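Participant:
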Amino acid sequence: MPKSKVTKPSVKIEEKAAEPKKRSSKHPQLLRGMKDILPESQKYWSYVRKLVEQLAEDYTYEMIDTPILEETSLFTRSVGENTDIVEKEMFSFEDKSGMNVSMRPENTAGIVRAYIEHGMLDRPQPVRLFYWGPFFRYDRPQAGRYRQFHQFGFEAIGDNNPIIDAQLIVMCQSIYNTIGIPVVTQINSVGCKKCRKDYEQLFTDYLSSRKKFLCEDCKRRLIKNPLRVLDCKVKECKEILADAPHIVDHLDEECKEHFVKVLEYLDEADIAYQLNPFLVRGLDYYTRTTFEIWPEKDDGSQSAMGGGGRYDDLTEMLGGRPTPACGFAGGVERLVISMREKEIVIPAPEPPDVFVAQLGESAKKKALRLVEDLRAKGIRAASNFSKEGLKYQLSVAARLRVKFSLILGQKEMLDKTILLRDMEGGSQEVIDYNKVYVELKNRLEKTKAIIQNRNNHTEE
RNA sequence: GUGGCCAUAGUUUAACGGUAGAACAGCGGGUUGUGGUCCCGCUAGCGAGGGUUCAACUCCCUCUGGCCACCCCA
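According to this note's numbering, the first sequence holds residues 2 to 461 in order.
(1) Apply the 10 Å Cβ neighbour rule to K404 and answer buried if 16 or more other Cβ atoms are within range, or exposed otherwise.
(2) Name the two residues that bound the continuous alpha helix (DSSP H) containing F92.
(3) How would you write the range of the beta strand (DSSP E) that D314 sits in, first residue to last?
(4) If you draw a straight line from the alpha carbon of M121 to that of M104, how long is it in whole angstroms?
(5) What does H151 pair with, by DSSP beta-bridge criteria?
(6) Just the Cα atoms here: how many angstroms apart are N385 and Q168?
(7) Would you mind sorting H259 into buried or exposed? The rule is 16 or more other CB atoms within 10 Å of its CB.
(8) Please determine, among S42, W295, L371, L223, the residue with the shortest C-alpha to C-alpha distance to L441.
(9) Looking only at its own chain, which residues have a Cβ that is under 6 Å from the Cβ of V397, when we skip the five neighbours before and after it?
(10) Between G301 and the rest of its own chain, which residues show a CB-CB distance below 6 Å, the 5 nearest in sequence each way excluded?
(11) Among S42, K44, F137, which one has its Cα closest to the Cα of R33?
(12) Cutting at 7 Å between CB atoms, please list the residues of its own chain near E16, excluding the five before and the five after it.
(13) Could you tell me the alpha carbon to alpha carbon distance between E237 and I248, rounded to whole angstroms?
(14) CA-CA distance, A157 and A270?
(15) Around the C-beta of A110, are 16 or more other C-beta atoms found within 10 angstroms, so that it is buried, or is it exposed?
(16) Out of L407, L252, E107, point me to the one whose CA is closest to I380's CA.
(17) Let me know the secondary structure DSSP gives A377 once reduced to three states.
(18) What is the DSSP secondary structure of A157, counted as helix, strand or coil?
(19) Quick one: grab the DSSP three-state call for T186.
(20) Report the option in N277, T291, L276 whose CA atom is closest to the CA atom of G1.
(21) Which one of K195, I241, R197 has the shortest CA to CA distance from C216?
(22) Could you name the residues of the same chain whose beta carbon sits closer than 8 Å to that of T73, not counting the 5 residues immediately before and after it, in chain order?
(23) Short check: CB of A294 to CB of Y200, under 8 Å?
(24) The beta strand (DSSP E) with T418 in it runs from where to where?
(25) Per DSSP, what kind of secondary structure is R211 in: helix, strand or coil?
(26) Rounded to whole angstroms, what is the Cα-Cα separation between L208 and A57?
(27) With a Cβ-Cβ cutoff of 8 Å, do W329 and C173 count as a contact?
(28) Closest by CA to L391, which one among D416, K378, G361?
(29) Determine the extent of the beta strand (DSSP E) in which E72 is found, giving its start and end residues.
(30) Taking E258 as part of the beta strand (DSSP E), name the residues at either end of that continuous run.
(31) Using the Cα positions of R402 and C256, report the straight-line distance between them to the nearest angstrom.
(32) Report buried or exposed for N456, applying the criterion of at least 16 other Cβ atoms within 10 angstroms of its Cβ.
(33) Name the residue from E389, P350, I86 whose alpha carbon lies nearest to the alpha carbon of S363.
(34) So, P353 versus G159, is the Cβ gap smaller than 8 Å?
(35) Looking only at C-alpha atoms, which of P296, L231, T418 sits nearest to N277?
(36) Which partner residues of D433 appear in the DSSP bridge assignment?
Next up, the structure:
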């Protein structure tokens, strides 16, 4: 076998192959941690998405889509070999060529890969990109936590100016503010590679001297990933942490200055934040500024709505030229859950202009045509040809909240007329079929004017 | 990956060791071509597999899934 790639299949796959999981239902059912987004939820989704797109437009971020599937090494190199995401949460498998591939667990790595691969260094810097899409992590599902979930995110690559960090935080907050979800932003700086290393040593020394008071998990973390001790929730560990050295007190001059600047800009922009000296993010590529957005509630069962930070070393880690960058990502499912909890009202979509009802076979044919003609002339005409009864059709019209209905039956067919019904008053009149468009257009404009008038009055 | 709670019509739910009721939604009807109210009717269910029992939706086990805590994170 010449030249074939020899990649070891992961342990997981071998186990799976030995004993395939059996489903328990007669009909196909949702995989664990997967979710259908049904039509009745879509209004939240499209609302959030529009907001994100608007934000991108305002701040001149351009949309980018990267593939769901990437080479596994992209994530091990960027997110980090020893992180939970890579260690136990990736959907990884071998493709038919023997290549080790993974479903993306996050997007920064993919975007930086694209940045390098397409020579975006030769564009005006920073390159501002945003995205929206599904991500995958194989962990245990809970409310607001799925194996396939959606994130939107913004990345500014190619600028180390602290104002970039500040503006990204402003943007991120503005999404939650606009929707009406109260959030708090926590912020910290983990410094550059060197600061981080020095601090890690200092911190490890501090913990080692108090090792016997730490919980079991933290003893393990101490060896594997000491900084993770920082967000332990065990009381004893917290007490030890209270006196632990803070990383912000051990930043080198440049990192310190950068962080101070970020905070200054935030103050200037009147952005509320909380300094959290214990905020370390779970991904290896973070440098300097890190921040997280949390819902402002105190029931304990909190989960971050979003987060981000600077990743000045990532481009280099992935084999590109050193390029500073900063970004953030937000979780759509968690946002939608909050919107539901807060009973946030999504502006209702405009109802169609008119509903076309028909009775009898020949009318049905003509109505099919009429709907098309109206639509071509810019009138949004709804219809429902799957039922015969006028009663049913009008109930659909009512449900759609249309102002007018057109009724075309046997009688009208003979007279070459059509009925125009005012759905609010219930009055209706016979009009010449050839004048449908003109008459309808008149009524629509009239009601539009009335509504506008009404709104003006209530505003005053 | 660890521990705990849970699983009844599309949805929210009730009851019982002897084979399931309700509400909402859906569909049909309240005279032949007129809506969002009201009235009547219909459809539809014990997550899957095994065990205990004369008999299980009800008890036990396994699986699947959901939720909660941990872990971690969006």
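Backbone N, C-alpha and C fix where the C-beta goes; we use that ideal spot for every residue, glycine too. Bear in mind the structure is a predicted one, so any value in this text is a computation, not a measurement.
Facilitator: Inspection of the coordinates gives the following:
(1) Burial call: buried.
(2) Looking at the DSSP string, F92 is not in any alpha helix (DSSP H), and its letter there is neither H nor E.
(3) It is not in any beta strand (DSSP E) - D314 carries neither H nor E in the DSSP assignment.
(4) Taking the straight line from one Cα to the other gives about 24 Å.
(5) Listed as beta-bridge partners of H151 by DSSP are P135.
(6) Roughly 49 Å between the two C-alpha positions.
(7) Per the 10 Å Cβ criterion, buried.
(8) Of the listed residues, the one whose Cα sits closest to L441 is L371.
(9) Excluding five sequence positions before and after V397, the CB atoms of its chain that fall closer than 6 Å to its own CB belong to N385, given in chain order.
(10) Legend: pLDDT at G301 = 48, less than 50; position of this residue unreliable, value from coordinates given subsequently. Nothing meets the Cβ criterion.
(11) Cα-wise, what sits closest to R33 is F137.
(12) For E16, the pLDDT reaches just 36, beneath the cut-off of 50, and the residue's location in the model is therefore unreliable, leaving the point undetermined.
(13) Going from the Cα of E237 to the Cα of I248 covers about 20 Å.
(14) Linking A157 to A270 through their CA atoms gives a straight-line distance of about 19 Å.
(15) Result: buried.
(16) Residue L407 holds the alpha-carbon nearest to the alpha-carbon of I380 among L407, L252, E107.
(17) Looking at A377 - three-state DSSP - the assignment turns out to be helix.
(18) DSSP, read as helix, strand or coil, puts A157 in strand.
(19) Three-state result, T186: strand.
(20) Past the boundaries of the shown model lies residue 1; the chain is included only from 2 to 461, so the question cannot be answered.
(21) Of the candidates K195, I241, R197, the one whose C-alpha sits nearest the C-alpha of C216 is I241.
(22) The residues are M91, S93, N101, V102, S103.
(23) The sequence given here places Ile at residue 294; Ala does not occur at that position. Not closer than 8 Å, so no.
(24) It spans 418 to 423 - the beta strand (DSSP E) in which T418 sits, taken as one unbroken run.
(25) R211 falls in the coil class under three-state DSSP.
(26) Whole-angstrom Cα-Cα distance: 43 Å.
(27) The question names Trp, but residue 329 in the sequence shown is Phe. When the beta-carbon positions are compared, F329 and C173 come within less than 8 Å of each other.
(28) Nearest option by C-alpha distance: G361.
(29) For E72, the uninterrupted beta strand (DSSP E) segment begins and ends at 70 to 72.
(30) No beta strand (DSSP E) holds E258; the alpha helix (DSSP H) holding it covers 254 to 269.
(31) Put simply, the backbone Cα of R402 is about 58 Å away from that of C256.
(32) Its Cβ having fewer than 16 others within 10 Å, N456 is exposed.
(33) The residue from E389, P350, I86 with its alpha-carbon nearest to that of S363 is E389.
(34) In this structure, G159 does not lie closer than 8 Å to P353 by Cβ.
(35) Selected option, being the one with the closest Cα: L231.
(36) For D433, which the question treats as bridged, DSSP gives the partners T418.
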